[in-house]
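Residue numbers (our numbering): 2 to 484. We put the beta carbon where it would ideally sit given N, CA and C, even for glycine.
Here it is, written out as structure tokens:
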């Protein structure tokens, strides 16, 4: 059986039960059938025990900010997974909770029949609490498997305070981690016995979800229907289509145009990464293959620098820094710090400078409702907020500006943090993620350094303005589009 010492840990004290009916993979965060360490691990257990593999992919109702937008996106991914598993001997068990609490007991009922349970080790949102609550109820070994990114969470024994410090560590170890990639197709060539039928007492109480009309399935559910679906379609098929389009058409101009709101030069992969529909492993592997990269191209002298280490052009280097450094430093923080999502997690210098300017006069102050309704004096900020509400995302550069202005126009920095969390997590398809919280914290000084000159309200926290943004980038058409 394959060993992944840095990526696998036991969540309970129980042992594997070889006489069980099947190996159970409880798919919660890495909702894909490719490039998935968790699925690899479950397949290895099934092969070792000569047992069928059952994949439980459930969607509950009571997660924070549950809405049509997020439910539909997940269900579209479940539909892709169902189609992929139908071509194998693996039984996929999609479950959509019809009312709050209806899914309670399903995992334990399946676990009582299982040899071992494998699940996803995701460090944020409600998933760690859910796993901790389930672990003592599962009567067999429950394993957590990390398939979040290139750097295993367990390889880091501290939270790195800056991207530079994280990058220095990652550059020392990345070549090793590139040898630790999951399988492209975990089920290719694998012969497992098929689970011919499910116990009727389980399927009767918790019937399989019908995924034929996944988007319309949410209309009757007790979730927030005021947050509608967007044009972006969920699932691994759409994720790979988006990735390949970016690789061929947008990556060649990424370094020079990614901050241009009207240039369409960003990858738009963050929702798919958040919901696990595509993985960092697949993206990195295909990008490096696209460039004909080999380890000999690495430049050790560039260790810790934003570009130059990979030995690729500026577009690939810039994209990899966003995908690996900035994405994974957020995961590192979420895994190491219990307060990662709170205002208290800011560095001491940021607390001190924001507190020193707490009483500064604010020319404009808006309520949370005014922010949500894009009812400020600033057309560019209003356009960014409308993009968030309508499309489920904000252009990357403007998301930074969006946060800085919320800080400037809120009565207190604590309220600014609360407003950013609420709006981002309610509307953003890539919200509720370690990167959501690291991006919001960056607005308030985290992962950054003190800046001069000291300014009202911001103190020594980095300052941004809509006027300077409009001078640097074309924004008139963007404002018109979201007016």
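query: In angstroms, rounded to a whole number, what distance separates the CA positions of residue 399 and residue 169?; result: 28 angstroms
query: Examine the Cβ distances between the stretch 402-416 and the stretch 371-384 and report whether three or more of them are shorter than 8 angstroms.; result: yes
query: Between the C-alpha atoms of residue 183 and residue 411, what's the straight-line distance to the nearest angstrom?; result: 45 angstroms
query: If contacts are defined as beta-carbon pairs under 8 angstroms, then residue 146 and residue 121 qualify, I think. What distance do you get, rounded to the angstrom?; result: 7 angstroms
query: What residues match up with residue 68 in a beta bridge as DSSP calls it?; result: 225
query: Alpha carbon to alpha carbon, how far is residue 209 from residue 266?; result: 40 angstroms
query: Buried or exposed: residue 236, going by 16 or more other Cβ atoms within 10 Å of its Cβ?; result: buried
query: List, from N- to C-terminal side, the alpha helix (DSSP H) runs of 4 residues or more that fit wholly inside the stretch 398-457.; result: 414-428 and 435-444
query: Is DSSP giving residue 262 helix, strand or coil here?; result: coil
query: If you follow the alpha helix (DSSP H) that residue 121 is part of, which residue opens it and which one closes it?; result: Run containing residue 121: none in the alpha helix (DSSP H); it sits in the beta strand (DSSP E), 115-121.
query: Out of 114, 125 and 32, state which residue places its alpha-carbon closest to the alpha-carbon of residue 82.; result: 32
query: In three-state DSSP terms, what is residue 95?; result: strand
query: By the three-class DSSP mapping on this structure, what secondary structure does residue 27 have?; result: strand
query: Mapping DSSP to helix, strand and coil, what is residue 152?; result: coil
query: What whole-angstrom Cβ distance do residue 69 and residue 101 have, given they're in contact under 8 angstroms?; result: About 16 angstroms; that fails the 8 angstroms criterion.
query: If we ignore side chains and look at the alpha-carbon of each, how far apart do residue 268 and residue 243 end up?; result: 7 angstroms
query: If distances are taken between C-alpha atoms only, which option among 229, 342, 359 and 174 comes closest to residue 296?; result: 174
query: The beta strand (DSSP E) with residue 284 in it runs from where to where?; result: That residue, residue 284, is in no beta strand (DSSP E); its alpha helix (DSSP H) goes 281-291.
query: For residue 388, count the other beta carbons within 10 Å of its own beta carbon; 16 or more makes it buried, fewer makes it exposed. Which is it?; result: buried
query: Considering only the beta carbon of each residue, do residue 12 and residue 143 sit closer than 8 angstroms?; result: yes
query: Looking at the unbroken beta strand (DSSP E) that takes in residue 57, where does it start and where does it end?; result: 54-60
query: Taking DSSP as the reference, what is the three-state secondary structure of residue 11?; result: strand
query: CB residue 334 to CB residue 160, shorter than 8 angstroms?; result: yes
query: Along the chain, where does the beta strand (DSSP E) containing residue 1 start, and where does it finish?; result: Beyond the ends of the chain as shown, which are 2 and 484, falls residue 1; an answer cannot be given.
query: Which residue wins for smallest C-alpha separation from residue 158, given the options 386, 337 and 423?; result: 337
query: Compare the beta carbon distance of residue 111 and residue 203 with 8 angstroms and say whether it is the shorter of the two.; result: yes
query: Considering only the alpha carbon of each residue, which of 10, 131 and 22 lies closest to residue 59?; result: 131
query: For residue 78 and residue 278, what's the separation of their Cα atoms in angstroms?; result: 7 angstroms
query: Give me the DSSP bridge partner(s) of residue 146.; result: 9 and 121
query: From residue 93 to residue 24, what distance separates their C-alpha atoms?; result: 12 angstroms
query: Does DSSP classify residue 374 as helix, strand or coil?; result: coil
query: Distance check for residue 17 and residue 116, CA to CA, integer angstroms please.; result: 6 angstroms
query: For a quick check, are the C-beta atoms of residue 435 and residue 124 less than 8 angstroms apart?; result: yes
query: To which residues of the same chain is residue 153 closer than 6 angstroms at the C-beta, ignoring the five residues directly before and after it?; result: 7, 8 and 147
query: Can you tell me the Cα-Cα spacing of residue 480 and residue 372, whole angstroms?; result: 16 angstroms
query: Who does residue 163 pair with in a DSSP beta bridge?; result: 448
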